[in-house]
Every structure is written in C-alpha cells, then in structure tokens.
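Residues in the sequence shown are numbered from 2 upward in steps of one, following the working numbering.
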Amino acid sequence: MNRIEREKRIVKQMIVHYCRKHHGADGLCVQCRELSDYAMRRLDLCPKGISKSSCRKCEIHCYSPRFREGIRTVMRYMGPRMLLISPIAAILHLLDEMK
Numbered sequence: 002m003n004r005i006e007r008e009k010r011i012v013k014q015m016i017v018h019y020c021r022k023h024h025g026a027d028g029l030c031v032q033c034r035e036l037s038d039y040a041m042r043r044l045d046l047c048p049k050g051i052s053k054s055s056c057r058k059c060e061i062h063c064y065s066p067r068f069r070e071g072i073r074t075v076m077r078y079m080g081p082r083m084l085l086i087s088p089i090a091a092i093l094h095l096l097d098e099m100k
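See the structure below:
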C-alpha cells in the first residue's frame, strides 16, 4: 500500500471516529461525509504524489479554508486517540511525519 492510500485510510478512520463521538452518527453525518470526500479528493490530486510529506508539513496548502479548519479540528481531537484506536496506523503516521 502506498503512502497516499495509507493516508486515505487513516484520515477516513479518524473522521468516522470523530463523527461517531461528536455527532452520534453510526456512519458519517452530512458534514463529516463532505469533509471525508474532500480529503480523499485532495489526496488523490496531491501534486507531490507518493513522495509527499505529511499534509501538516507541506508547503502547498491545497485545502480550502473551510475544510482546513474542519480537518484540523478532527486531527486535533483524534491524533492522541489514534494510539488506542489503531496503534499500528498511528505509529506509521508518526514515522511518516519524521521524514
């Protein structure tokens, strides 16, 4: 699995858990589905491709301000919790951040 696919899986997982906790949805509410779809499109269109760094470290800010704040909120909440939810994914993401 390449870097983009792994990030897509992790971001989707984070948004699902965030939505479940904050919006009480079993799947995704409309707002979180919109955020997830947008994040998947951004990753598909990433100009750096599989050699990308983490989005947080990237000098190209491809998220619109509306979605940027939404993904920051999700990441801020879910980041520390990912070690409990999916430890392997969290460790791989941390290793990617160090590149």
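The C-beta atom is built at its ideal place from N, Cα and C for all residues, glycine as well.
- prompt: When the distance is taken between beta carbons, is I11 closer than 7 Å to H94?
  reply: In contact: H94 and I11 (Cβ atoms closer than 7 Å).
query: What three-state label does DSSP hand C33 in the structure shown?
result: Reduced to three states, the DSSP call for C33 is helix.
- request: Pick helix, strand or coil for C20, following the three-state DSSP scheme.
  value: If DSSP states are grouped into helix, strand and coil, C20 belongs with the helices.
query: Excluding five sequence neighbours on each side, which residues of the same chain lie with their C-beta closer than 7 Å to the C-beta of M79?
result: Apart from sequence neighbours up to five positions away, the residues of its chain that approach M79 with a beta-carbon distance below 7 Å are M15, H18, Y19, ordered along the chain.
- prompt: Which runs of the alpha helix (DSSP H) spanning at least 4 residues fall entirely within the segment 62-99, listed in chain order?
  reply: Here the runs fully enclosed are 66-79, 83-86, 88-98.
message: Please state whether the Cβ-Cβ distance between S55 and E6 is less than 7 Å.
response: Going by C-beta atoms, S55 is not nearer than 7 Å to E6.
field: Close Cβ partners of V75 (< 6 Å) along its chain, the five nearest in sequence each way excluded
entry: Excluding sequence neighbours, V75 sits near M15, I16, Y19.
task: Sort E70, K49, M41, P66 by Cα distance to E60 and report the nearest one.
output: Of the listed residues, the one whose Cα sits closest to E60 is K49.
- prompt: L84: buried (16+ other C-beta within 10 angstroms of its C-beta) or exposed?
  reply: Exposed, since its Cβ has fewer than 16 Cβ neighbours within 10 Å.
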